[in-house]
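J.: If you read the sequence shown in UniProt numbering, its first letter stands for residue 1, the second for the next number, and so on. Using N, Cα and C, we set each Cβ at its ideal position, and we do this for glycine too. Just dropping this structure here.
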Amino acid sequence: MKEEVFWNSDIKDIKKGYIDSGEHFECLLCGMNTEKGVIYKRENTLLDAEKEMKSHISETHVSVFDYLINLNKKLTGISEQQKKLLKLFYQGKSDKEVQEETETGSMSTIRNHRFMLKEKERQAKVFLSVMELLRERDKNAAEFIELHKTARFIDDRYNITLSENQKMLEKFFEFEDGKAVKLKRFPGREKQKVVVIREISKSIESGKKYSEKEINSVIKNFFDDYVTLRRYLIEYGFLDRKKDGSEYWLK
């Protein structure tokens, strides 16, 4: 799915985990769509498109909370300790239960963690407001490519503007009817690799499971050295697979 759909959604939609795109509902977590007007059958139950989307989120992602809390630390700003505490709080655990489960010294320590998390929430609200106000006034801000939520390394290699991205695409790909169809050569610089691998990932269907032969076939359409491309698709967090390599899918 397009990462900008997730990043440009408001908090209310992100909390739900999906958006209303007019003719269908779109999952913000994986891009799956349910079409309005279609009745979906689940065992002995008939569901409309929105209820089917809610069922999909529950079955595929457990919950929006579980999906978001497990994103890369650099995307959430949440430490491992905070993540563990938030999960326990979300489960409705009391301070005493959390203290016992985490083997923390005292309940006052847990209350202090709650206070610090509340402080982090207040700071986040102020920062979001500041950035919204800045966006309205800053006409010189560069537009950057969107981070994919499953990125394994979030660092300077993603510091790429949209114009830089387009120039790199034109440098490394052959195009037909405005679509990248062939990789001329595999780049050596990290930023260039991100651009190339990101573009190739768009040819992999969201929600589809591929055998190793099938995924190789898709990648080989771009470049003969499909092994290198496949390795970087996995390394950069675009592609996932079973341990035995029997199935691959867009992460």
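In angstroms, rounded to a whole number, what distance separates the CA positions of Y40 and K51?
T.: Computed Cα separation, rounded: 9 Å.
J.: Can you look up A142 in the DSSP assignment and give me helix, strand or coil?
T.: In the structure shown, A142 sits in coil (DSSP, three-state: anything other than H, G, I, E or B).
J.: Specify the secondary structure class of E43 as computed by DSSP and reduced to three states.
T.: In the structure shown, E43 sits in coil (DSSP, three-state: anything other than H, G, I, E or B).
J.: In its own chain, which residues sit with a C-beta less than 8 Å from the C-beta of H56, not counting the 5 before and 5 after it?
T.: Same-chain partners within the cutoff: C27, M32, T34.
J.: So what does residue 255 bridge to, in DSSP terms?
T.: The structure shown does not extend to residue 255, since the chain spans only 1 to 251, so no value can be given for it.
J.: Could you name the residues of the same chain whose beta carbon sits closer than 6 Å to that of M1, not counting the 5 residues immediately before and after it, in chain order?
T.: Residue placement at M1 is flagged as unreliable, the pLDDT there being 45, under the threshold of 50; a coordinate-derived value is accordingly withheld.
J.: Tell me whether the segment 129 to 145 and the segment 102 to 110 touch, counting them as touching only if at least three CB pairs, one residue from each stretch, are closer than 8 Å.
T.: No, the segment 129 to 145 does not touch the segment 102 to 110.
J.: Apart from the five residues on each side of it in sequence, which residues of its chain come closer than 7 Å, Cβ to Cβ, to K208?
T.: Once the five neighbours on either side are set aside, the close Cβ partners of K208 are W249.
J.: Alpha carbons only, please: which of R42, W7, V38 is nearest the one belonging to A49?
T.: A49 has its Cα closest to that of V38, out of R42, W7, V38.
J.: Are the CB atoms of K184 and F172 within a distance shorter than 8 Å?
T.: Result yes, Cβ atoms of F172 and K184 sit closer than 8 Å.
J.: Do F186 and F223 come within 8 Å of each other at the CB atom, strictly closer than that value?
T.: Yes.
J.: Taking a contact to mean a Cβ-Cβ separation below 8 Å, would you say R241 touches E247 in this structure?
T.: Yes, the pair counts as a contact, with Cβ atoms nearer than the cut-off.
J.: Run through DSSP, which three-state label would K120 get?
T.: The answer is helix: DSSP assigns K120 an H, G or I state.
J.: Tell whether a beta-carbon distance below 8 Å holds between N72 and I154.
T.: In contact: N72 and I154 (Cβ atoms closer than 8 Å).
J.: Write down the C-beta distance between I200 and L162 rounded to the nearest angstrom, noting that I regard them as a contact closer than 8 Å.
T.: 18 Å between Cβ atoms; not a contact.
J.: Is the Cβ-Cβ distance between G17 and V62 less than 8 Å?
T.: No, Cβ-Cβ distance for G17 and V62 is not below 8 Å.
J.: Since R231 is in the alpha helix (DSSP H), which residue starts that stretch and which ends it?
T.: First-last of the alpha helix (DSSP H) with R231: 226 to 235.
J.: With a threshold of 16 other CB atoms inside 10 Å of the CB of D10, please say whether the residue is buried or exposed.
T.: The residue in question, D10, is exposed, as its Cβ has fewer than 16 Cβ neighbours within 10 Å.
J.: When the distance is taken between beta carbons, is E3 closer than 8 Å to L239?
T.: Not in contact: L239 and E3 (Cβ atoms no closer than 8 Å).
J.: Is DSSP giving M1 helix, strand or coil here?
T.: Summary for M1: the model assigns pLDDT 45, below 50, so the residue's position carries little reliability; its value from the coordinates is reported in the next sentence. M1 falls in the coil class under three-state DSSP.
J.: Give me the Cα-Cα distance between I197 and I219, rounded to the nearest whole angstrom.
T.: Cα-Cα distance, rounded: 10 Å.
J.: To which residues of the same chain is N216 closer than 6 Å at the C-beta, ignoring the five residues directly before and after it?
T.: Around N216: Y226.
J.: Taking a contact to mean a Cβ-Cβ separation below 8 Å, would you say N165 touches V195 in this structure?
T.: Yes, these two residues count as a Cβ contact at 8 Å.
J.: What residue range does the alpha helix (DSSP H) around A180 cover?
T.: Here A180 belongs to no alpha helix (DSSP H); instead the beta strand (DSSP E) covers 179 to 183.
J.: Tell me the residue span of the alpha helix (DSSP H) that contains L88.
T.: Element bounds for L88: 80 to 90.
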